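One structure below.
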Amino acid sequence: MQEDHFIFSDLALSLKNTMGPESHSPETALFVLHAARAVAEGIPVAVSSVAESLPLDEGAIRTAVAYLEASSQIGYDTQGHLVAIAGLSLSPTNHSFEVEGVQLYTWCAIDALFFPSLLDREAVVESTSPISKKTIRLIVTPRDGVRVAQPSTAAVSLVVPASTGRSEDDRSEEIVTSEGSCDSLEISATCCEADRFGANGSFCSRVHYFESLNEAESWLAGSSDVIALSVSDAYRLAREVWVEPLLVQASRFDV
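Okay, so the sequence shown: first residue is 4 according to the working numbering, each after it adds one.
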């Protein structure tokens, strides 16, 4: 048990250092949180509409958006409206994410485990195993974990990426456009294969749901940078890596 604790802690630290929001500026964290809640209403939203609800000046908004674009965490439609943010999307993917009757999607399997906490809403998640082609169905709560898992043995694959060593300040200085974003209404569901994370420049394309740990482990055999977790462990990891750091940063503003 103690060994498992250390392995889990090392994994959480590795993910935090490479793709967790802990290094986000408070302004970026606040923008992500509010943009996600706006996208969760189910319709494209203008960046300016999100900005209007925030205590941030125009420069801070531009910096936050530039950072998110440079790290492929934002997506637009052809009108320039937000349709995806940090893994939550209006565009169909393999991971269906329904919140209060609104049909949404997530880029990666793990995204579907942490967005209920960021949105503070329960979600019904459905995805297809790449091995059996059968549907995995979850009901994920904001604070109490996975309430329903069908099958109960459901598991998740997860890429353990190498550190990029790049801070938000480094990325925000890049010249970026919306064309390189990981998601768009014009882009296919496999768009995350072009993601910068992971040894092969890939993250989302290798993060899936499976019917069991055994099935997941058979799929990832030979991959040294992909592991399998139960959905309950993956939920706990997602809260530690993505939810808690983002909420701490965003909470620096009293909104």
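Cβ coordinates follow ideal geometry from the N, Cα and C atoms, glycine included. Just so it is clear, the structure is predicted and the values come from calculations on it, not from any experiment.
**OP:** Kindly list the residues whose CB is nearer than 8 Å to the CB of Cys-111, restricted to its own chain and excluding five residues on each side of it in sequence; keep chain order.
**Re:** Closer than 8 Å at Cβ, skipping near neighbours: Gly-90, His-98, Cys-195, Phe-206, Cys-207, Val-210.
**OP:** Going by CA-CA distance only, name the one from Asp-123, Val-162, Glu-30, Ile-134 that's closest to Gly-148.
**Re:** Asp-123
Original post:
Under 7 Å, do Val-159 and Ala-237 count as touching if we go by C-beta distance?
Top reply: yes
Subject >> Delimiting residues of the alpha helix (DSSP H) encompassing Arg-239 >> reply: Looking at the DSSP string, the run of the alpha helix (DSSP H) that includes Arg-239 is 234-241.
Original post:
To which residues does DSSP link Ala-112 through a beta bridge?
Top reply: Paired residues: none, contrary to the question.
**OP:** Just grab the DSSP bridge partners of His-98 for me.
**Re:** Thr-109, Ser-130
Original post:
Where Phe-34 and Ala-54 are concerned, what is the direct C-alpha to C-alpha distance, given to the nearest angstrom?
Top reply: 8 Å
Original post:
For Ala-63 versus Ala-253, is the C-beta spacing smaller than 7 Å?
Top reply: no
**OP:** Give me the Cβ distance between Ile-139 and Val-151, rounded to the nearest whole Å; I'm assuming they're in contact under 8 Å.
**Re:** 11 Å between Cβ atoms; not a contact.
**OP:** Please report the Cβ distance between Leu-161 and Val-50, rounded to the nearest whole angstrom; I am assuming they are in contact, meaning their Cβ atoms lie under 8 Å.
**Re:** About 31 Å separates the two Cβ atoms, so there is no contact after all.
**OP:** For the beta strand (DSSP E) containing Leu-141, list its first residue and its last residue.
**Re:** 138-143
Subject >> Close-in-space but distant-in-sequence residues of the same chain around Ser-221 (CB under 8 Å, 5 per side omitted) >> reply: Ile-134
Subject >> Under 7 Å between C-beta atoms of Val-48 and His-84 >> reply: yes
Original post:
Taking all protein chains shown into account, do 16 or more other C-beta atoms lie within 10 angstroms of the C-beta of Val-246, making it buried, or fewer, making it exposed?
Top reply: Buried: at least 16 other Cβ atoms inside 10 Å.
Original post:
If you run the structure through DSSP and keep just helix, strand and coil, what is Arg-150?
Top reply: strand
Subject >> Cβ of Pro-145 within 7 Å of any chain B Cβ >> reply: Here chain B cannot be found, since the structure has a single protein chain.
**OP:** Since I believe Leu-107 is in contact with Phe-100 (beta carbons under 8 Å), could you give me their beta-carbon distance rounded to a whole number of angstroms?
**Re:** 5 Å
**OP:** Report the three-state DSSP secondary structure of Leu-91 (helix, strand or coil).
**Re:** Reduced to three states, the DSSP call for Leu-91 is strand.
Original post:
Which residue's Cα is closest to the Cα of Ser-75: Ala-87, Gln-82, Thr-81, Thr-66?
Top reply: Looking at the Cα atoms, Ala-87 is the closest of the given residues.
**OP:** Locate the beta strand (DSSP E) running through Val-162, then write down its first and last residues.
**Re:** 158-162
Subject >> When Asp-80, Ala-231, Glu-61, Arg-239 are compared against Pro-145, the one with the closest alpha-carbon >> reply: Check the Cα spacing between Pro-145 and each of Asp-80, Ala-231, Glu-61, Arg-239: the tightest is with Arg-239.
Original post:
Over what stretch of residues does the beta strand (DSSP E) that includes Ile-46 continue unbroken?
Top reply: Neither: Ile-46 is in no beta strand (DSSP E) and is coded neither H nor E.
Subject >> Candidates Arg-40, Arg-65, Ala-73, of which the one nearest Ser-92 by Cα >> reply: Arg-40
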